[in-house]
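Top line first, the protein sequences correspond to chains F and X.
Following the working numbering, the numbering of the first sequence begins with 29 at its first residue and continues without gaps.
Following the working numbering, the numbering of the second sequence begins with 91 at its first residue and continues without gaps.
First the structure, in the form of structure tokens, and then the observations on it.
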Amino acid sequence: MLDFLKKHQTIFLFTSLFVCALLVYSNSLRQQNKTTLFERGVLQLTSPFYRTLDNIKNEVTILSDNYLNLIDVQQNNIILKQRIRQQRQQLLQLGEVAQENSRLRKLLNFHDNAHAPELPARVIAVDASSWFRTITIDKGANDGLSEGLAVVVAEGIVGRTIKCSSHTSRVLLANDAASEVSALIQHNRTRGVARGKGTTLTLNYALRSKDVQIGDAVITAGTGGIFPKGLPIGTITNITKHDYGLFQTLEITPSVDFSRLEDVLVVLGEPQ
Amino acid sequence: MKRLVLYLIVGIASILTQTSILPLLFGLTLRPDLILLLVLYIGLNETPLAGAFYAWLLGCILDVFCGTTLGLNGMIMLLIFCSIYIGRRQLNLKNDLVLPSTLLSLLRARSHYNKRKTSNQGLKIWH
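Set out below in structure tokens:
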């Protein structure tokens with residue numbers, strides 16, 4: 029028996045130790061909510077080290093946050109991003125001003141070339157329905173406007189005033205179906221009437237015998253009593269010749285983008 | 091006694107490092123078990139009675155900082171010590187690769203245990 033115990037003493041020792049450890053564990057399982065003396069002692073013993081380590085850790089963390097991790101750079105980045113956003117907004121505003129400036133310069137240039145009394149006006153509204161093509165400008169009878177005045181931009185004709193109140197006027201655009209402008213083809217002086225067709229215009233009553241090419245410029249004829257002579261209307265983009273008849277129908281793409289009108293000139297009188 | 095104090099100092103320092111410094115360096119993704127290394131060393135170098143006590147004590151100290159029940163890690167460390175002590179007869183202790191290879195196999199066993207433990211607690215931590 030003793031020989032057996034001596035032979036397997038290590039196993040017995042480990043088994044007994046394991047049973048002891050198991051007993052300690054099972055005992056502590058019953059007192060899970062209590063802090064034992066051993067635990068309290070170990071925690072007490074290690075707390076100064078933890079505090080020291082925590083202080084060091086904090087110092088290192090602060091140091092790394094401030095210098096190594098470049099938290100200031102991150103803050104600067106946030107501020108700079110905000111600044112970029114603000115400056116982008118300013119840039120957009122400046123772009124807007126630049127475009128407005130460009131438009132006004134063109135208008136002034138046009139004004140210089142035309143030598144006619146004109147009044148600049150700003151488009152303040154568009155037609156309430158999609159059936160008609162009219163705009164409202166911020167100048168009216170008090171500014172010397174009346175019905176039947178030509179409204180132009182640097183690119184060409186816009187339309188004519190149809191209603192005037194004291195401070196605002198409504199302008200019938202040249203592409204409205206009710207609009208008719210006396211026109212002529214620039215290179216061969218073929219006369220016709222440019223009538224609005226929604227997005228484009230048609231040049232009616234152009235003689236069939238006249239040689240017209242796609243791309244020819246169409247200008248105002250100056251015979252209708254509204255528009256001065258020589259203002260661009262658009263370019264011919266389609267030619268329709270019927271088998272018989274005196275006239276040909278020409279489609280004109282207007283030189284003015286009516287959907288982007290912002291500033292216009294109202295021609296108050298005949299060119300000087 | 092000297093050895094006990096030495097192991098206690100090294101053990102507590104290991105636990106301090108393991109619980110306070112290493113998480114700063116590796117985050118929660120990697121937590122080297124330094125007490126396991128110490129138990130491995132004890133298992134390869136100490137006598138059965140003293141070594142078992144050291145291993146159990148170190149495990150219990152680890153329990154103070156880990157989990158809620160005192161004695162669980164003590165029991166585990168004791169088992170690990172016993173396994174190493176029994177297995178060390180099969181090892182050539184003069185070979186330099188003994189410690190790393192034993193450590194590797196132990197780490198695998200330990201990580202398996204930790205995974206089961208953390209999965210029971212609903213934690214997703216790699217050990």
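Glycine included, C-beta positions come from ideal geometry on N, C-alpha and C.
This one's a predicted model, so the numbers in the text were calculated from it and none came from an experiment.
- Comparing alpha-carbon positions, the option among F:R236, F:T263, F:V240 lying closest to I247 (chain F) turns out to be F:T263.
- Going by beta carbons, T230 (chain F) and T164 (chain F) fall outside the 8 Å limit.
- Close to Y95 (chain F), with beta-carbon spacing below 8 Å, lies no residue of chain X; the smallest spacing is near 16 Å.
- For C150 (chain X), the uninterrupted alpha helix (DSSP H) segment begins and ends at 138-154.
- By the neighbour-count definition (other C-beta atoms within 10 Å, threshold 16), K269 (chain F) is an exposed residue.
- In the structure shown, Y175 (chain X) falls within a helical segment according to DSSP collapsed to helix, strand and coil.
- Within chain F, Y53, S56, L57, Q60 have C-beta atoms less than 9 Å from the C-beta of T159 (chain X), given in sequence order.
- Contact of G164 (chain X) with chain F by beta-carbon distance below 8 Å involves A49, V52, Y53.
- Counted as a single uninterrupted DSSP element, the alpha helix (DSSP H) harbouring Q37 (chain F) occupies residues 37-58.
- Annotated three-state conformation of I254 (chain F) is coil, per DSSP.
- Secondary structure at V284 (chain F): coil, using DSSP grouped into helix, strand and coil.
- Listed by position along chain F, the residues whose Cβ is nearer than 7 Å to that of S104 (chain X) form an empty set, because the closest Cβ is around 12 Å away.
- Interface with chain X (8 Å Cβ-Cβ cutoff): E67 (chain F) is included.
- Counting only unbroken stretches of 3 or more residues, no beta strand (DSSP E) element lies wholly within the segment 80-120 of chain F.
- A distance of 8 Å or more separates the beta carbons of A149 (chain F) and V284 (chain F).
- The C-beta of D244 (chain F) has 16 or more other C-beta atoms within 10 Å across all chains shown, which makes the residue buried.
- Residue state for K62 (chain F) is assigned as coil, using DSSP reduced to three classes.
- Check the Cα spacing between L50 (chain F) and each of X:G133, X:S195, X:W146, X:I151: the tightest is with X:W146.
- Proximity of the segment 93-112 of chain X to the segment 187-201 of chain F falls short of the contact definition, fewer than three beta-carbon pairs being nearer than 8 Å.
- Taking 4 residues as the minimum length, the segment 207-259 of chain F contains no alpha helix (DSSP H) run wholly inside it.
- Contact between the segment 126-137 of chain X and the segment 29-37 of chain F is absent, with fewer than three C-beta pairs closer than 8 Å.
- Annotation: the continuous beta strand (DSSP E) that includes L201 (chain F) extends over 197-201.
- The straight-line gap separating the alpha-carbon atoms of E183 (chain F) and N94 (chain F) is approximately 60 Å.
- For the pair D100 (chain F) and R113 (chain F), the Cα-to-Cα distance works out to about 20 Å.
- The CB of F32 (chain F) never comes closer than 8 Å to any CB in chain X; the least such distance is about 18 Å.
- In the three-state DSSP reduction, K191 (chain F) falls in the strand class (E or B).
- Contact annotation: in the segment 34-46 of chain F, residues whose CB is within less than 7 Å of a CB in chain X are T38, L41, F42, L45, F46.
- For a Cβ distance threshold of 9 Å, nothing in chain X lies close to V125 (chain F): the least Cβ distance comes to about 52 Å.
- Going by DSSP, R150 (chain F) is part of the beta strand (DSSP E) stretching over 146-154.
- Secondary structure of F116 (chain X) (DSSP, three-state): helix.
- By the criterion of a C-beta distance shorter than 7 Å, I254 (chain F) is surrounded in its chain by G176, A178, R188, once the five residues flanking it on both sides are discounted.
- Taking 8 Å as the upper bound for CB-CB distance, G149 (chain X) and Y175 (chain X) are not in contact here, some 15 Å apart.
- Not flagged as an interface residue toward chain F: I170 (chain X), since no C-beta distance is shorter than 8 Å.
- What L119 (chain F) touches in chain X, judged by beta-carbon distance under 7 Å, is nothing: the nearest beta carbon there is about 42 Å away.
- At a Cβ-Cβ threshold of 8 Å, S237 (chain F) and V221 (chain F) do not count as neighbours.
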